[in-house]
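Visitor: Sequential numbering from 224 applies to the sequence shown in this note's numbering. Note that CB positions come from ideal geometry on N, CA and C, so glycine has one too.
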Amino acid sequence: MVRYVKRVTYSGLIYCFKNSVQLNNSNQITDNFIFRMYLCKLSIKETAELCFKSVRTVTEWDKGKSIPPECRRLMKLYSGRELSSIDDNWRQWRMAKGELITPSGWGLTPDRIITGNALIEIGAEGDRDYMSKIIRTARQLKELPKNRRSS
């Protein structure tokens with residue numbers, strides 16, 4: 224039986240990964256390795272180039288030496304896991320599979336963003352009416368209780 228998980232936490236992933244892999248003392252998988260390899264999906268060379276560090280330094284991180292906070296944040300930004308550090312307006316926005324994911328879960332491709340911006344730039348009178356109705360409806364939907372939205 225396969226269960227699908229919507230959102231996996233970092234600590235949950237580490238726990239599952241460490242318990243599913245049997246290792247001896249010479250080949251330890253550290254939290255840093257899991258963070259770099261599986262969460263950020265970066266190779267040793269990519270991480271070294273991104274953080275302006277040597278390959279040896281990244282290898283030491285994988286063995287357990289702590290990753291500097293600025294490098295950790297840079298890795299999160301590069302892999303699209305975190306946009307909130309750019310500005311508070313980007314809180315809960317993220318990048319995934321080449322799309323910008325909104326806080327409500329909509330995936331926006333570059334074409335959709337350009338099309339939406341073009342429609343706003345045109346600003347035809349009919350479009351303004353539709354835009355105000357859409358915004359009004361979105362605000363009303365946001366105020367609904369969460370348990371009513373899911374049904």
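In this structure, how does DSSP classify glycine 330 when only helix, strand and coil are distinguished?
Guide: The residue you call residue 330 lines up with position 107 of the sequence shown. Glycine 330: strand per DSSP, three-state reduction.
Visitor: Determine the direct distance from the alpha carbon of lysine 264 to that of arginine 279, and round the result to whole angstroms.
Guide: Your numbering for residue 279 matches position 56 in the sequence shown. Your numbering for residue 264 matches position 41 in the sequence shown. Roughly 18 Å separates the two Cα atoms.
Visitor: Looking only at C-alpha atoms, which of Glu283, Arg335, Tyr301 and Thr253 sits nearest to alanine 319?
Guide: Taking the sequence shown and counting its residues from 1, one reaches residue 319 at position 96. Ranking the options by Cα distance to alanine 319, first place goes to Tyr301.
Visitor: Using only the alpha-carbon positions, how far apart do leucine 367 and serine 327 sit?
Guide: For the purposes of this step, residue 367 is taken as residue 144 along the sequence shown, with counting starting at 1. For the purposes of this step, residue 327 is taken as residue 104 along the sequence shown, with counting starting at 1. Distance between the alpha carbons of leucine 367 and serine 327: 14 Å.
Visitor: Just to confirm, are leucine 273 and methionine 298 a CB contact at a threshold of 8 Å?
Guide: Here residue 273 refers to the residue found at position 50 of the sequence shown. Here residue 298 refers to the residue found at position 75 of the sequence shown. A contact, by the Cβ cut-off of 8 Å.
Visitor: Roughly how many angstroms separate the alpha carbons of glutamate 344 and isoleucine 337, rounded to a whole number?
Guide: For the purposes of this step, residue 344 is taken as residue 121 along the sequence shown, with counting starting at 1. For the purposes of this step, residue 337 is taken as residue 114 along the sequence shown, with counting starting at 1. Their Cα atoms are separated by approximately 10 Å.
Visitor: If you follow the beta strand (DSSP E) that isoleucine 324 is part of, which residue opens it and which one closes it?
Guide: Mapped onto the sequence shown, residue 324 falls at position 101. Where isoleucine 324 is concerned, the enclosing beta strand (DSSP E) stretches over 322–324.
Visitor: Thinking C-alpha only, which one of Met354, Trp316 and Asn340 is nearest tryptophan 329?
Guide: What you label residue 329 is simply residue 106 of the sequence shown in a count that begins at 1. Ranking Met354, Trp316 and Asn340 by Cα distance to tryptophan 329 puts Trp316 first.
Visitor: Among the candidates Leu262, Arg295, Asp311 and Phe258, whose CA atom is the shortest distance from the CA of lysine 276?
Guide: Numbered from 1 along the sequence shown, position 53 holds the residue referred to as residue 276. The option with the nearest alpha carbon to lysine 276 is Arg295.
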